[in-house]
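A.B. asks: Counting from 1, one number per residue, gives the positions in the sequence shown under my numbering.
Every residue gets a Cβ at the ideal spot worked out from N, C-alpha and C, and that includes glycine.
These figures come from a predicted structure and were not determined experimentally.
Dropping the structure in here first, questions after.
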Amino acid sequence: MPRVKLFDENEVLCKAMNLFWKQGYSATSIQDLVDHLGINRASIYDTFGGKEALFLKAFENYKTSSTDATSGFLKGQPNVKEGFRKLFEMAIDDSLNDPEKKGCFVVNTTTELIPGDEKIESLVEENRKTVERIFYDYLKEGEESGQFEKGKDLSAIALLLFTHYSGLKVVAKVNADRQLLVKSVDQILTLLD
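Have a look at this one:
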């Protein structure tokens with residue numbers, strides 16, 4: 001008879017993600033996971049396949065929920081420039097209000113595990129493309145509705161906005177000057193004037 005799981009897989013994935021996010025993949029041992037998740041080693045291997053598979057699932061969940069939230073937020077913002085400003089200011093505030101100064105899980109993973117891990121590299125690249133596409137589509141809506149002049153290289157702007165968005169989360173880990181970070185957002189958004 002198969003064993004009955006006494007834990008919620010999604011809850012365990014969320015807890016694992018938070019631990020990996022806080023400590024990094026390499027610094028998180030299987031014993032750390034056992035202690036933090038409150039499940040035994042066998043359950044981790046039976047349910048998730050081990051540390052790497054658990055990390056990949058946790059990362060995928062984060063990536064999906066993060067990109068869905070970004071897309072949903074921007075879709076609710078009719079003014080493109082203000083929509084980006086609000087999104088970037090939320091990223092700044094989230095980073096500055098995090099007492100653990102974890103930064104961005106995707107950025108942390110990128111700097112820790114790439115190059116070297118093709119599975120992670122593929123997931124990170126997929127995330128970049130997804131967010132850039134969300135930004136591009138939002139920019140295209142703004143262009144088509146006359147919010148800024150036509151003829152701008154929207155693909156290049158989407159990449160630049162993605163780069164700045166990611167960079168804000170890194171800089172906010174060490175620079176708690178919200179006003180300075182917001183000024184950088186104001187400057188980059190002049191591209192949409």
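Would you kindly work out how many angstroms separate the C-alpha atoms of Val107 and Lys150, rounded to a whole number?
C.D. replies: For the purposes of this step, residue 107 is taken as the residue at position 107 of the sequence shown. For the purposes of this step, residue 150 is taken as the residue at position 150 of the sequence shown. Each residue's Cα considered, the two are about 32 Å apart.
A.B. asks: Tell me whether the stretch 43-60 and the stretch 72-81 touch, counting them as touching only if at least three CB pairs, one residue from each stretch, are closer than 8 Å.
C.D. replies: The answer is no - the stretch 72-81 does not touch the stretch 43-60, with fewer than three Cβ pairs under 8 Å.
A.B. asks: Would you be able to state if there are at least three C-beta pairs under 8 Å between the stretch 140-150 and the stretch 51-64?
C.D. replies: As far as the Cβ criterion goes, the stretch 51-64 does not touch the stretch 140-150, which means the pair count is below three.
A.B. asks: Ordered along the chain, which non-local residues of its own chain (more than five positions away) have a Cβ less than 8 Å from that of Lys194?
C.D. replies: This structure does not reach residue 194, given that the chain is present from 1 up to 193, and the question cannot be answered.
A.B. asks: If I follow the unbroken alpha helix (DSSP H) through Cys14, where does it start and stop?
C.D. replies: Here residue 14 refers to the residue found at position 14 of the sequence shown. Unbroken alpha helix (DSSP H) run through Cys14: Glu9 to Gln23.
A.B. asks: Around the C-beta of Ala91, are 16 or more other C-beta atoms found within 10 angstroms, so that it is buried, or is it exposed?
C.D. replies: For the purposes of this step, residue 91 is identified with residue 91 of the sequence shown, where counting begins at 1. Result: buried.
A.B. asks: Tell me whether Ile30 is buried or exposed, calling it buried when 16 or more other Cβ atoms sit within 10 Å of its Cβ.
C.D. replies: Numbered from its first residue, the sequence shown carries residue 30 at position 30. Classification of Ile30: exposed, given that the 10 Å Cβ count is below 16.
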